[in-house]
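Number of protein chains: 2
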Amino acid sequence: MRAGPSQEEIRRHNLGTLLRHVHLSGPTSRAELAGRMGLNRSTIMALTADLTAAGLVREELPRETGRAGRPSLVVRPESARVYVLAFDVGVDRLVAARVGIGGVILDRRETVRPRGGFEMPEVVAALAGFARQMHRKTRPDTVCVGAAAAICGSVGRTDGVVRFGPNIGFKDAPFGEELSKRLALGLPVTVGNDGNVGAIAEQSRGVGIGCRDLIYLHGDVGIGGGIVVNGQLLGGLAGYGGEVGHMVVNPGGRPCACGSRGCLEAEVGERALMELAGHSTELTGREAVRAVVDAAGRGDVRAQDALHRVGDWLGLGVANLVNIFNPEMVIFGGVLRELYLGAAAQVRSRINTSTLVASREDLRLRISALGDDATVVGAAELAFAQVLADPLEVLSRLA
Amino acid sequence: MRAGPSQEEIRRHNLGTLLRHVHLSGPTSRAELAGRMGLNRSTIMALTADLTAAGLVREELPRETGRAGRPSLVVRPESARVYVLAFDVGVDRLVAARVGIGGVILDRRETVRPRGGFEMPEVVAALAGFARQMHRKTRPDTVCVGAAAAICGSVGRTDGVVRFGPNIGFKDAPFGEELSKRLALGLPVTVGNDGNVGAIAEQSRGVGIGCRDLIYLHGDVGIGGGIVVNGQLLGGLAGYGGEVGHMVVNPGGRPCACGSRGCLEAEVGERALMELAGHSTELTGREAVRAVVDAAGRGDVRAQDALHRVGDWLGLGVANLVNIFNPEMVIFGGVLRELYLGAAAQVRSRINTSTLVASREDLRLRISALGDDATVVGAAELAFAQVLADPLEVLSRLA
């Protein structure tokens with residue numbers, strides 16, 4: 001409950017707002033920006049000049065508009081000089097990407113991460129190696145202005161420590177700090193839970209654009225979640241909010257890596273599906289889930305039954321979330337895309353029997369639009385957060 | 400993503416902010432207000448003068464401070480001229496209150512609402528009658544500036560329609576509109592779900608002051624919930640968020656009034672407890688629950704067992720919410736106060752076995768500080784919302 005902002009605060013806010021528009025919407029005319037921001041064109045011109053000088057945007061004549069009169073210049077994101085590093089630590093892969101303003105992936109590296117192998121130092125070394133390889137290929141005046149990572153574990157809001165990541169063997173691991181040291185760019189590395197980061201990605205660049213209330217469910221070996229409430233990611237007291245994978249849907253059910261029983265991720269995770277389908281556990285991840293969905297499609301009764309049972313638990317978990325959140329959209333990401341596509345009838349049926357009509361009436365169920373890139377795209381958005389909040393401050397620190 | 404505010408918007412914002420400070424914190428010195436709002440004393444003086452002229456606050460010399468120098472005048476909420484009406488429609492009672500700035504209950508009326516009796520027109524007539532009685536006792540220049548009601552049913556964000564209130568027999572009932580007509584004050588009546596409204600009350604005037612992430616669980620015959628995320632009440636797409644009573648904790652369990660089975664309110668509600676304890680269902684509500692808790696305390700084994708079983712389901716529901724929200728506080732209100740006090744060990748034990756350590760480590764479990772008044776106090780806060788957002792606009796409309 002503070003008083004109103006100063007003129008300088010307003011200018012910084014406006015610079016960040018303009019850059020955010022262009023970053024998220026792509027090339028936008030000055031006239032459009034003036035309309036969206038409620039400012040006159042001369043103010044937009046001055047703001048754009050500052051951002052252009054900082055190498056964050058550039059102005060261009062638009063393509064033929066077909067309208068009479070002088071066309072309004074178009075402001076575009078400029079990705080030649082400034083970029084962020086985005087990382088994704090999944091159960092079976094490591095990804096690093098160099099991402100420019102506007103969210104364009106300029107370069108990327110990926111490697112398979114053997115299950116049960118790779119302690120934190122090896123993960124950090126591999127990611128930092130990728131970053132160096134990618135930076136070596138840039139122009140000499142190119143600068144990295146942010147870095148962030150998605151990881152399949154519980155992460156606090158501020159410290160980059162992975163408190164609990166049973167599927168990758170991390171416990172109280174100071175991952176952000178170690179990666180920051182190894183990158184040696186003088187930048188902190190923001191770390192986010194894969195579900196949370198995927199939610200940010202789908203909301204800013206995926207199927208959830210424009211949704212203020214959405215739930216993103218990310219299936220890897222376990223199930224992570226990211227929940228957007230009134231436009232903001234739900235973090236809770238310390239940033240651990242969104243751990244929907246450990247909601248108990250089946251009291252006394254399958255044991256979970258967290259020590260409890262019947263958690264959503266124990267009943268719906270890859271292992272439950274493989275066991276129920278009688279599939280070998282040699283195949284893992286997306287391929288394993290897809291093999292069950294394919295087998296069910298070909299008429300394999302055991303695979304069909306496995307999908308139905310897992311789909312029923314998934315539906316119950318989603319139904320609970322619908323009653324609690326009255327969301328506009330639930331998005332199935334990671335391996336849950338394949339699972340949902342194979343068991344949509346069960347999921348919908350459970351939602352219909354176990355939610356209040358009012359809570360579900362405008363609900364949309366969707367699969368992730370960004371697919372396997374959701375986590376790394378979301379990590380890039382985390383890495384851009386500081387630049388978008390105060391573009392010139394960030395650049396002046398680097399100059 | 401709009402541009403910064405105009406000077407007039409800033410003034411209105413500051414008037415609302417100052418009034419909100421005084422409304423929530425009580426008498427506050429000008430110096431303290433200046434510090435909290437980041438404004439100088441002359442601006443505070445001007446704002447206070449406007450609010451004083453409108454009859455919303457008054458200034459006084461403080462009591463002896465013991466410090467040297469000229470004391471800073473104290474700004475107090477003024478409740479003589481302006482008030483709001485707050486209503487509560489519970490399963491077995493109806494409450495109406497006249498509430499002044501500062502949240503002081505100036506007058507109240509209450510009646511027993513026979514279960515199964517009272518259709519909406521009778522409820523509306525009873526509440527409007529109470530309002531007239533109370534207004535008749537005020538000074539001639541006293542004005543009502545807002546009205547709101549809490550009700551045990553699902554309510555949309557904007558229209559005051561009770562979509563579903565099975566425990567009071569309301570379905571798609573235009574309660575807000577009807578009550579507004581019957582009051583004939585030219586004011587809309589904001590309607591909120593009892594759990595949501597109770598959460599607002601506990602956060603603004605109860606045990607949750609200062610908490611930005613809390614969950615309020617309200618037990619009546621069913622269980623309502625109100626969830627505060629990052630300082631804001633969770634509404635969801637259409638305002639139906641927070642229906643935690645219909646989270647399924649026991650798939651295939653007891654039938655629920657909503658049509659599903661094993662909902663939290665079916666397993667924990669008053670009926671389940673009475674049946675498990677073998678108590679007659681003649682006693683209802685708080686008295687009935689208290690009778691079971693008392694019997695358990697006197698060593699009645701069946702009552703103890705009933706409390707343990709119900710406490711276990713309550714704990715499971717809370718555990719799920721803790722994983723999902725990482726809240727700072729969970730508050731037990733309505734009859735859940737008695738239930739929690741009688742089964743705290745089961746509740747805590749379930750939370751310990753079924754939540755991630757990180758999600759629960761700074762969790763506080765508390766009982767409602769406002770007790771039976773939580774809903775009506777919260778309704779008053781809803782009714783004040785418009786006045787606090789723009790104090791002078793509201794008063795100019797009435798002038």
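Same order as they appear, the protein sequences are chains A and B. Sequential numbering from 1 applies to the first sequence in the working numbering. Sequential numbering from 400 applies to the second sequence in the working numbering. Where is the CB? At the ideal position from N, CA and C, for every residue including glycine.
So for residue i, helix, strand or coil by DSSP?
i	result
residue 287/A	helix
residue 193/A	strand
residue 59/A	strand
residue 202/A	helix
residue 175/A	helix
residue 170/A	strand
residue 111/A	strand
residue 274/A	helix
residue 617/B	strand
residue 251/A	coil
residue 612/B	coil
residue 785/B	helix
residue 118/A	coil
residue 752/B	helix
residue 280/A	coil
residue 29/A	strand
residue 71/A	coil
residue 802/B	The requested residue 802/B does not occur in the structure, where chain B is confined to residues 400 to 798.
residue 487/B	strand
residue 1/A	Model confidence at residue 1/A stands at a pLDDT of 45, short of 50, so the residue's coordinates are unreliable and nothing is read from them.
residue 622/B	strand
residue 359/B	Outside the shown range of chain B, which is 400 to 798, sits residue 359/B, and nothing can be said about it.
Does residue i have its Cβ less than 8 Å from a Cβ in chain A?
i	result
residue 498/B	no
residue 724/B	yes
residue 645/B	yes
residue 636/B	yes
residue 748/B	no
residue 755/B	yes
residue 563/B	yes
residue 745/B	no
residue 787/B	no
residue 669/B	no
residue 758/B	yes
residue 628/B	yes
residue 476/B	no
residue 683/B	no
residue 639/B	yes
For my contact list, residue i and residue j are in at a C-beta cut-off of 8 Å; report their separation, rounded to the angstrom.
i	j	result
residue 530/B	residue 591/B	In fact, because the Cβ distance is near 18 Å, the residues do not count as touching under 8 Å.
residue 511/B	residue 551/B	15 Å between Cβ atoms; not a contact.
residue 104/A	residue 27/A	The Cβ separation is near 12 Å, so there is no contact.
Can a CB atom of chain B be found closer than 8 Å to the CB of residue i?
i	result
residue 391/A	no
residue 29/A	no
residue 207/A	no
residue 243/A	yes
residue 232/A	yes
Check distances from the C-beta atoms of the segment 181-198 of chain A to those of chain B and list, in chain order, the residues that come in under 7 Å. none
Kindly confirm or deny that the segment 740-754 of chain B and the segment 705-716 of chain B touch, where touching means at least three C-beta pairs closer than 8 Å. yes
In chain order, what residues of the segment 209-227 of chain A put their CB closer than 9 Å to some CB of chain B? 211, 212, 213, 225, 227
Report yes or no: do the segment 512-525 of chain B and the segment 574-585 of chain B share at least 3 C-beta pairs separated by less than 8 Å? yes
Within 8 Å of chain A by C-beta, residues of the segment 529-557 of chain B in sequence order: 553, 555
Evaluate the contact criterion for the segment 139-154 of chain A versus the segment 76-90 of chain A: three or more CB pairs, one atom per stretch, below 8 Å. yes
Three or more beta-carbon pairs under 8 Å between the segment 408-417 of chain B and the segment 427-438 of chain B, yes or no? yes
Members of the segment 297-330 of chain A near chain B, C-beta cut-off 8 Å: 316, 319, 320, 321, 323, 324, 325, 326, 327, 328
Is the segment 226-239 of chain A touching the segment 720-730 of chain B, taking contact as three or more C-beta pairs under 8 Å? In short, these stretches touch, since the Cβ pair count reaches three.
State whether the segment 771-783 of chain B contacts the segment 487-497 of chain B, with contact taken as three or more CB pairs (one from each stretch) at a distance under 8 Å. yes
Segment contact, 8 Å Cβ cut-off, at least three pairs: the segment 188-208 of chain A with the segment 153-162 of chain A: yes
With three or more C-beta pairs closer than 8 Å as the rule, is the segment 362-377 of chain A touching the segment 196-208 of chain A? yes
Mind listing which residues of the segment 648-660 of chain B have their C-beta closer than 9 Å to chain D's C-betas, in chain order? Protein chains in the displayed structure are A and B, and chain D is not among them.
Which of the residues in the segment 760-777 of chain B, read from start to end, lie with their CB under 9 Å from any CB of chain A? 760, 761, 762
Which residues, taken in chain order from the segment 105-123 of chain A, show a beta carbon closer than 7 Å to some beta carbon of chain B? none
Quick one: which residues of the segment 447-458 of chain B get their C-beta closer than 8 Å to a C-beta of chain A? List them in chain order. none
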